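Numbering (the numbering used here), first residue to last: 27 to 201.
Everything on this sheet refers to the single structure shown next.
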């Protein structure tokens with residue numbers, strides 16, 4: 027159960043933004059129900075994550091690969107629950123999703139590009155500082171724009187999982 031009640035989506039600024047979220051995304055997920063305690067924070071979050079997920083050139087399978095890995099590294103089950111179906115639609119296989127939950131990733135489930143991305147996401151998430159060798163390995167697979175988008179995606183979803191877990195937002199919460 028979440029540590030604080032979800033926001034009342036029927037009042038003031040929260041209501042207007044909740045309507046926008048429903049129009050753009052179909053529903054107001056628990057994440058946004060919590061964020062809507064602060065409509066300015068919710069709106070900034072919505073704009074940023076919409077850009078990351080829908081406006082960037084980064085391949086959707088790579089994006090979902092790192093989101094799922096970060097969800098597992100940060101022990102953020104809500105994020106994994108929300109993104110597993112998206113990851114499968116973007117082309118990841120179930121055996122890959124299963125492997126992302128392991129401490130050590132089996133090399134045979136991922137190609138060289140995916141392994142470089144996973145090492146990068148792991149370094150950014152676990153240690154913050156990325157060793158030069160890890161950066162150079164991922165750098166060889168992406169032009170500058172996509173490398174920046176990959177980095178922004180890893181950073182953004184670390185933010186998401188930390189928010190979710192600090193406030194204990196979970197899929198089975200009742201609104």
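From the three backbone atoms N, C-alpha and C, an ideal C-beta is built for every residue, glycine too.
Bear in mind the structure is a predicted one, so any value in this text is a computation, not a measurement.
Applying the 10 Å Cβ sphere with the 16-neighbour rule, what's the burial state of residue i?
i	result
residue 179	buried
residue 203	With the chain represented from 27 up to 201, any question about residue 203 goes unanswered, as that position is not in the structure.
residue 146	buried
residue 54	buried
residue 159	exposed
residue 133	exposed
residue 49	exposed
Would residue i pass as a contact of residue j if the rule is Cβ separation under 8 angstroms?
i	j	result
residue 40	residue 62	yes
residue 176	residue 78	no
residue 67	residue 171	no
residue 96	residue 151	yes
residue 127	residue 98	yes
residue 190	residue 105	yes
residue 136	residue 122	yes
residue 197	residue 124	no
residue 144	residue 131	yes
Counting along the chain, where does the alpha helix (DSSP H) carrying residue i start and finish?
i	result
residue 41	38–51
residue 195	Counting along the chain, residue 195 falls outside any alpha helix (DSSP H), and DSSP gives it neither H nor E.
residue 167	Residue 167 -> no alpha helix (DSSP H), and no H or E assigned at all.
residue 143	138–152
residue 103	103–115
residue 60	56–61
residue 80	Neither: residue 80 is in no alpha helix (DSSP H) and is coded neither H nor E.
residue 65	65–76
residue 118	Residue 118 -> no alpha helix (DSSP H), and no H or E assigned at all.
Just to check my reading of the structure: residue i and residue j have Cβ atoms closer than 8 angstroms, yes? What is that Cβ distance to the nearest angstrom?
i	j	result
residue 202	residue 91	The structure shown does not extend to residue 202, since the chain spans only 27 to 201, so no value can be given for it.
residue 149	residue 156	4 angstroms
residue 186	residue 28	Residue 186 to residue 28, Cβ: 15 angstroms. No contact.
residue 167	residue 142	6 angstroms
residue 165	residue 100	Rounded, the Cβ-Cβ distance is 25 angstroms, inconsistent with contact.
Select from the options the residue whose C-alpha is nearest the C-alpha of residue i.
i	options	result
residue 173	153, 115, 85	85
residue 51	125, 70, 76	76
residue 31	59, 38, 134, 47	59
residue 183	129, 133, 36, 103	103
residue 33	46, 65, 47	65
residue 74	165, 181, 193, 188	181
Any heavy atom of the ligand NAP closer than 7 angstroms to the beta-carbon of residue i?
i	result
residue 104	This structure does not include the ligand NAP; it has no bound ligands of any sort.
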